[in-house]
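For what it's worth, full-length UniProt numbering labels the leading residue of the sequence shown as 1, then goes sequentially. Some notes on the structure that comes next.
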Amino acid sequence: MHAFTDVALAAYCPRKLYYRRREDAYAPPEHAGFELAFRYPSLLDPETALDTEPIAVTPVTYRQNLNCSRARLRAFEALCEPTKREAFLTGRQTRGIAHKVLVEPLAPSIVSVGEPPDTGVWEPHAVRAVAAAKALAWERKTSVQQAFVEYATHGVIRKIELTPRRVGQYRRALRTAASIDGPPPRTRNTDKCESCEYRAECGVRTRSLRSLLGGR
1 MHAFTDVALA AYCPRKLYYR RREDAYAPPE HAGFELAFRY PSLLDPETAL DTEPIAVTPV
61 TYRQNLNCSR ARLRAFEALC EPTKREAFLT GRQTRGIAHK VLVEPLAPSI VSVGEPPDTG
121 VWEPHAVRAV AAAKALAWER KTSVQQAFVE YATHGVIRKI ELTPRRVGQY RRALRTAASI
181 DGPPPRTRNT DKCESCEYRA ECGVRTRSLR SLLGGR
């Protein structure tokens, strides 16, 4: 049985998952921006001053993003008032926390305090959302065909469908998580290594801009 966070990390960097599993206990850092996902109505209220809120964009941009999400998503009201908050779900292969569970439509939502891509969602977030949807379907003994990812500090909410491509990403990440015994090969995409807490142990060397341009 794998945690939602493990399969998401396997999609992002299997080597990082290896080092994290070696820790006796890992507690994800708290971020004040997480709570924004549970305050959308007040954040849309013009009377609410956003200058003091832990948002990652300007107040004008934040409200524009959130208004666009509201206009685009039929489930916006349900996301504002989820049936369950931080629900622990157990599926056939994975288990973990869905930050929100909706009943109509039946779907989980994952909250991120990071930056969204221009379109869609980042693959690790999609994998985690699919894992949550699969677990929810297993518990409720019914089909779950969609999930949500909320980039709370940006006011951006994205819906994902459980398409064959998305399910395929999840299954690959699940196989990767299950296969990790020793340290996997180092990643070639060293951009993600800059802020990694295991960089010193991992031994990945990141190249400076000067070296990339051929400087000495």
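Just so you know, even glycine gets a beta-carbon here, dropped at the ideal spot from N, CA and C. The structure displayed is predicted, hence computed values, not measured ones.
CA nearest to the CA of residue i, picked from the options
{"i": "glutamate 77", "options": "Pro105, Val127, Tyr151, Thr90", "result": "Pro105"}
{"i": "leucine 66", "options": "Ile157, Gly168, Leu174", "result": "Ile157"}
{"i": "glutamate 86", "options": "Glu47, Val144, Phe38, Ala75", "result": "Phe38"}
{"i": "residue 270", "options": "Glu30, Arg22, Ala152, Val130", "result": "Any property of residue 270 remains undetermined from this structure, which presents the chain solely from 1 to 216."}
{"i": "serine 112", "options": "Leu136, Glu23, Arg128", "result": "Arg128"}
{"i": "residue 221", "options": "Val7, Arg15, Leu9", "result": "With the chain covering 1 to 216 only, the question about residue 221 has no answer from this structure."}
{"i": "arginine 74", "options": "Thr163, Phe148, Ala32, Asp181", "result": "Phe148"}
{"i": "valine 167", "options": "Tyr19, Thr119, Ala126", "result": "Ala126"}
{"i": "proline 82", "options": "Val7, Val103, Arg63, Glu47", "result": "Val103"}
{"i": "tyrosine 198", "options": "Val7, Tyr18, Ala8, His31", "result": "Tyr18"}
{"i": "threonine 90", "options": "Gln64, Arg175, Ala137", "result": "Ala137"}
{"i": "phenylalanine 34", "options": "Gly114, Ala3, Ala133", "result": "Gly114"}
Range covered by the beta strand (DSSP E) that runs through residue i
{"i": "proline 108", "result": "106-112"}
Element boundaries [alpha helix (DSSP H), containing residue i]
{"i": "lysine 134", "result": "123-140"}
{"i": "arginine 199", "result": "199-202"}
{"i": "arginine 74", "result": "Per DSSP, arginine 74 belongs to no alpha helix (DSSP H) and is neither H nor E."}
{"i": "glycine 168", "result": "164-179"}
DSSP beta-bridge partners of residue i
{"i": "phenylalanine 88", "result": "Ile97"}
{"i": "lysine 159", "result": "Phe148"}
{"i": "histidine 2", "result": "Thr94"}
{"i": "valine 7", "result": "The partner list for valine 7 (beta bridge, DSSP) is empty, contrary to what the question assumes."}
{"i": "leucine 102", "result": "Ala107"}
Status (buried if at least 16 other CB within 10 Å, exposed otherwise) for residue i
{"i": "serine 208", "result": "Its pLDDT being 43, under 50, serine 208 is placed unreliably by the model, and nothing is read from it."}
{"i": "arginine 165", "result": "exposed"}
{"i": "proline 108", "result": "buried"}
{"i": "proline 185", "result": "exposed"}
{"i": "glycine 215", "result": "Low confidence applies to glycine 215: its pLDDT is 42, below 50, so where it sits in the model is not reliable, and the reading given next is rough at best. Classification for glycine 215: exposed."}
{"i": "glutamate 194", "result": "exposed"}
{"i": "phenylalanine 88", "result": "exposed"}
{"i": "alanine 10", "result": "buried"}
{"i": "threonine 206", "result": "With a pLDDT of only 48 at threonine 206, under the threshold of 50, the placement of this residue in the model should not be trusted, and no figure is reported."}
{"i": "glycine 96", "result": "buried"}
Contact with chain B by residue i, beta-carbon distance below 8 Å
{"i": "phenylalanine 148", "result": "No chain B is present in this structure, which holds just one protein chain."}
Practice task
Tell me the start and end of each unbroken beta strand (DSSP E) in the segment 13-71 that is at least 3 residues and wholly inside, in chain order.
Solution key: none
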